[in-house]
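The structure under discussion appears below in the form of structure tokens.
Right, dumping it as structure tokens:
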């Protein structure tokens, strides 16, 4: 997923199916997707990965990070790496593939306690919404949102992230 | 040294990325395990008719907004960010992350600052925009 969504003139789509090959992904499939749980997993904010992430996004320079220091807040989004399925598998859940051009729609980060370098976190999550729409220029597309909850070693939720993906659909 | 609370309508200090570096997109692709070649392979971009500049990862664009907030309010200050991605950022783009204070509130003895935030492409569109909340540290 890479591009970003610019879908003006959005409106609810009239009932119809879209297809990927011979497998139609209907609005019924979209509704059934909501509530589906991710397998989940764990991730550890390794110091070298924190250094690399900070360098990539031009964060505050501060030398090699010590365990226990504050991680870049973008690490809340990076918890997607521990949702327990690959991007390709998530796209497959949504009746799509990377070559269909899924786009990043909206993002939300919620932080209760900042994430720390060297700490290990548990990730759980689920699909929280699925909506079919149509745009004058974009045609039919689905917006699928998922939420991931991040818990510390004590099992306390410390942060969450909700992201939506826009899937362009080819009408049948 | 204590610092005073910001005021509503106060403009946040602008954070600037003078030129988006395509080399950093390669590292980000590895960190995200993002296999999409539009972030690093010019041949693919040309084949897809997407021009001759790599497309920056959306999370990196979000990261610039987070940098802007932390440089202003302090490390570990971000409590919430909600943004909508509206335009792609390409290699070589000059970006400005900024925002405006919309509300100052107190809860449980702590001050929270709500803001509108955006990432502007110099000479182009707004790449993403939304809202954010930071916890205000007095020093």
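Chains as they are written, first to last, in this note's numbering: chain A, 1 to 172; chain B, 1 to 139.
Beta carbons are placed, not taken as given, at the ideal position from N, Cα and C, and that holds for glycine.
Closer than 9 Å at the C-beta level to chain A, one finds no residue of the segment 90 to 122 of chain B. Against chain B, the beta carbon of residue 120/A has no neighbour under 9 Å; the closest one sits roughly 17 Å away. Contact between residue 62/A and residue 125/A is ruled out by a C-beta separation of about 30 Å, above the 8 Å threshold.
Closer than 8 Å to the CB of residue 13/B there is not a single CB belonging to chain A.
The alpha carbon of residue 4/B has as its nearest neighbour, out of 43/B, 72/B and 41/B, the alpha carbon of 72/B. Assigned with DSSP and collapsed to three states, residue 34/A falls in coil, not helix or strand. Taken in chain order, the complete beta strand (DSSP E) segments of 3 or more residues contained in the segment 3 to 54 of chain B are 15 to 17. Contact residues of the segment 107 to 132 of chain A toward chain B are 107, 108, 109, 110, 111 and 114 (C-beta to C-beta distance below 7 Å). Per DSSP, residue 73/A is not a residue of any beta strand (DSSP E), being assigned neither H nor E.
Three or more Cβ pairs closer than 8 Å define a contact, and the segment 25 to 40 of chain B falls short of that threshold against the segment 104 to 115 of chain B. Counting only residues of its own chain and dropping the five nearest sequence neighbours on each side, residue 111/A has a CB closer than 8 Å to the CB of 73, 76, 158 and 159. Distance between residue 134/A and residue 27/A, taken at the CA atoms: about 13 Å. Under the three-state reduction of DSSP, residue 156/A is assigned to coil, being neither helix nor strand. Secondary structure of residue 83/A (DSSP, three-state): coil. DSSP places residue 50/A inside the alpha helix (DSSP H), whose first and last residues are 47 to 56. The beta carbon of residue 158/A does not come within 8 Å of any beta carbon belonging to chain B, so the residue lies off that interface.
Per DSSP, residue 129/A is one residue of the beta strand (DSSP E) stretching across 120 to 135. Straight-line spacing of the CA atoms in residue 57/B and residue 89/A works out to 20 Å. DSSP places residue 164/A within a strand segment (E or B) once states are collapsed to three. Within the segment 58 to 73 of chain A, 58, 59, 60, 70, 72 and 73 place their CB atoms closer than 8 Å to a CB of chain B, listed in sequence order.
A straight-line Cα-Cα distance of about 35 Å links residue 56/A and residue 30/A. Against chain B, the beta carbon of residue 104/A has neighbours under 7 Å at 58 and 85, listed in chain order. Chain B places a beta carbon closer than 8 Å to that of residue 56/A, counting this residue as a contact.
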